[in-house]
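What follows is one structure encoded as C-alpha coordinates, with my remarks underneath.
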Amino acid sequence: MNVFLFNMIFSVLLALGSGSTVSGTNDEITNLIKEAMLNADAGQLAQLFGETVEISFDGEKSDYSRTQAEFVMRDFFQKNTPNDFKYIHKGVSKNGIQYAIAEYNSPRQSYRVYMLVKKKPAGYFIDTIDITRK
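Written out as C-alpha coordinates, the structure is:
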(Lines of atoms letter the chains of each structure in order from A; the text may use other names.)
(Lines give C-alpha, C1' and ligand atoms only; values in the text may rest on other atoms or scores of the structure.)
Protein backbone atom coordinates (compact mmCIF):
# COMPACT_ATOMS: atom_id res chain seq x y z
CA MET A 35 0.00 0.00 0.00
CA ASN A 36 2.80 2.43 0.89
CA VAL A 37 4.54 1.74 -2.42
CA PHE A 38 1.30 2.42 -4.28
CA LEU A 39 0.80 5.69 -2.40
CA PHE A 40 4.40 6.73 -3.04
CA ASN A 41 4.08 5.95 -6.76
CA MET A 42 0.80 7.85 -6.95
CA ILE A 43 2.22 10.94 -5.24
CA PHE A 44 5.41 10.77 -7.31
CA SER A 45 3.37 10.51 -10.53
CA VAL A 46 1.24 13.52 -9.60
CA LEU A 47 4.31 15.59 -8.69
CA LEU A 48 6.01 14.56 -11.90
CA ALA A 49 2.96 15.54 -13.95
CA LEU A 50 2.67 18.87 -12.17
CA GLY A 51 6.39 19.43 -12.40
CA SER A 52 6.55 18.86 -16.14
CA GLY A 53 4.96 22.24 -16.76
CA SER A 54 7.04 24.02 -14.15
CA THR A 55 10.39 22.62 -15.25
CA VAL A 56 10.17 24.70 -18.40
CA SER A 57 9.90 27.87 -16.36
CA GLY A 58 13.66 27.92 -15.82
CA THR A 59 16.60 28.60 -18.05
CA ASN A 60 17.24 28.20 -21.75
CA ASP A 61 19.41 25.17 -20.96
CA GLU A 62 16.61 23.44 -19.04
CA ILE A 63 14.10 23.60 -21.88
CA THR A 64 16.67 22.75 -24.54
CA ASN A 65 17.83 19.75 -22.52
CA LEU A 66 14.24 18.50 -22.26
CA ILE A 67 13.76 19.01 -26.00
CA LYS A 68 16.99 17.15 -26.77
CA GLU A 69 15.96 14.23 -24.57
CA ALA A 70 12.56 13.99 -26.29
CA MET A 71 14.10 14.22 -29.77
CA LEU A 72 16.76 11.58 -29.05
CA ASN A 73 14.13 9.24 -27.62
CA ALA A 74 11.68 9.97 -30.47
CA ASP A 75 9.17 10.66 -27.70
CA ALA A 76 6.38 12.76 -29.20
CA GLY A 77 4.43 12.67 -25.93
CA GLN A 78 7.34 14.10 -23.95
CA LEU A 79 7.92 16.73 -26.63
CA ALA A 80 4.21 17.65 -26.66
CA GLN A 81 4.40 18.47 -22.94
CA LEU A 82 6.73 21.29 -23.96
CA PHE A 83 4.36 22.69 -26.61
CA GLY A 84 2.20 25.73 -26.03
CA GLU A 85 -1.54 25.41 -26.60
CA THR A 86 -0.78 25.76 -30.30
CA VAL A 87 2.48 25.20 -32.12
CA GLU A 88 3.63 25.99 -35.64
CA ILE A 89 5.37 23.05 -37.30
CA SER A 90 7.06 23.39 -40.65
CA PHE A 91 8.50 20.62 -42.81
CA ASP A 92 10.65 21.89 -45.68
CA GLY A 93 8.84 25.23 -45.70
CA GLU A 94 5.27 23.89 -45.48
CA LYS A 95 3.92 25.51 -42.31
CA SER A 96 0.84 24.56 -40.33
CA ASP A 97 -0.50 25.51 -36.92
CA TYR A 98 -1.55 22.63 -34.68
CA SER A 99 -3.09 22.15 -31.29
CA ARG A 100 -0.81 20.45 -28.78
CA THR A 101 -2.58 17.11 -29.38
CA GLN A 102 -2.43 17.40 -33.18
CA ALA A 103 1.23 18.41 -33.01
CA GLU A 104 1.99 15.33 -30.94
CA PHE A 105 0.56 13.11 -33.72
CA VAL A 106 2.50 15.04 -36.37
CA MET A 107 5.77 14.60 -34.48
CA ARG A 108 5.01 10.93 -33.73
CA ASP A 109 4.60 10.36 -37.48
CA PHE A 110 7.87 12.19 -38.17
CA PHE A 111 9.71 10.06 -35.57
CA GLN A 112 8.27 6.82 -36.98
CA LYS A 113 9.56 7.72 -40.43
CA ASN A 114 12.84 9.19 -39.15
CA THR A 115 14.15 7.29 -36.14
CA PRO A 116 16.88 9.41 -34.56
CA ASN A 117 20.54 8.45 -34.67
CA ASP A 118 21.63 11.77 -33.22
CA PHE A 119 20.36 15.20 -32.19
CA LYS A 120 22.79 17.97 -31.38
CA TYR A 121 22.55 21.70 -30.95
CA ILE A 122 24.50 23.92 -33.30
CA HIS A 123 23.48 27.19 -31.63
CA LYS A 124 21.25 28.32 -28.77
CA GLY A 125 20.39 31.84 -27.70
CA VAL A 126 17.90 34.43 -26.55
CA SER A 127 16.67 37.36 -28.67
CA LYS A 128 16.44 40.93 -27.40
CA ASN A 129 12.70 40.29 -26.86
CA GLY A 130 13.43 37.32 -24.59
CA ILE A 131 12.42 34.69 -27.15
CA GLN A 132 14.63 31.64 -26.84
CA TYR A 133 15.77 29.91 -29.99
CA ALA A 134 17.83 26.90 -30.94
CA ILE A 135 19.26 25.51 -34.14
CA ALA A 136 19.99 21.80 -34.11
CA GLU A 137 20.86 18.92 -36.37
CA TYR A 138 18.65 15.81 -36.36
CA ASN A 139 20.12 12.72 -38.01
CA SER A 140 18.18 9.61 -38.93
CA PRO A 141 19.33 6.61 -40.97
CA ARG A 142 17.50 7.99 -44.02
CA GLN A 143 18.07 11.73 -43.81
CA SER A 144 19.66 14.61 -41.93
CA TYR A 145 17.61 17.64 -40.93
CA ARG A 146 18.21 21.12 -39.63
CA VAL A 147 15.80 21.92 -36.81
CA TYR A 148 15.01 25.50 -35.79
CA MET A 149 12.92 26.09 -32.68
CA LEU A 150 11.43 29.13 -30.98
CA VAL A 151 10.54 28.95 -27.30
CA LYS A 152 8.31 31.66 -25.84
CA LYS A 153 7.59 32.58 -22.25
CA LYS A 154 3.97 32.32 -21.17
CA PRO A 155 2.54 32.91 -17.68
CA ALA A 156 2.92 29.18 -16.89
CA GLY A 157 6.52 28.96 -18.14
CA TYR A 158 8.43 28.43 -21.36
CA PHE A 159 6.83 26.53 -24.23
CA ILE A 160 7.80 25.56 -27.77
CA ASP A 161 6.09 27.95 -30.17
CA THR A 162 7.68 26.95 -33.49
CA ILE A 163 9.51 23.95 -34.91
CA ASP A 164 10.94 24.21 -38.41
CA ILE A 165 12.40 20.97 -39.80
CA THR A 166 14.28 21.20 -43.09
CA ARG A 167 16.09 18.48 -45.04
CA LYS A 168 19.80 19.11 -45.38
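When the letters of the sequence shown are read in order and numbered with the numbering used here, they come out as residues 35 to 168. We treat Cβ as the ideally placed atom computed from N, Cα and C, and that holds for glycine.
- Would the beta-carbon of I131 fall within 8 Å of that of Y148? Taking 8 Å as the Cβ cut-off, I131 and Y148 do not qualify as a contacting pair.
- Item | Simplified DSSP state of Q132, which is helix, strand or coil | strand
- Message: Can you give me the C-alpha to C-alpha distance between V126 and K154, rounded to a whole angstrom?
- Response: 15 Å
- To the nearest angstrom, report how far apart V151 and N114 are at their CA atoms. 23 Å
- Given S99 as reference, the closest of T166, F159, I165 once Cα atoms are compared: F159
- Item | Bridge partners - I163, DSSP secondary structure assignment | I89, M149
- Query: If you draw a straight line from the alpha carbon of F91 to that of Q102, how long is it in whole angstroms?
  - Reply: Roughly 15 Å separates the two Cα atoms.
- Message: For Q78, which residues in the same chain have their Cβ closer than 6 Å to its Cβ, ignoring the five residues on either side in sequence?
- Response: A70
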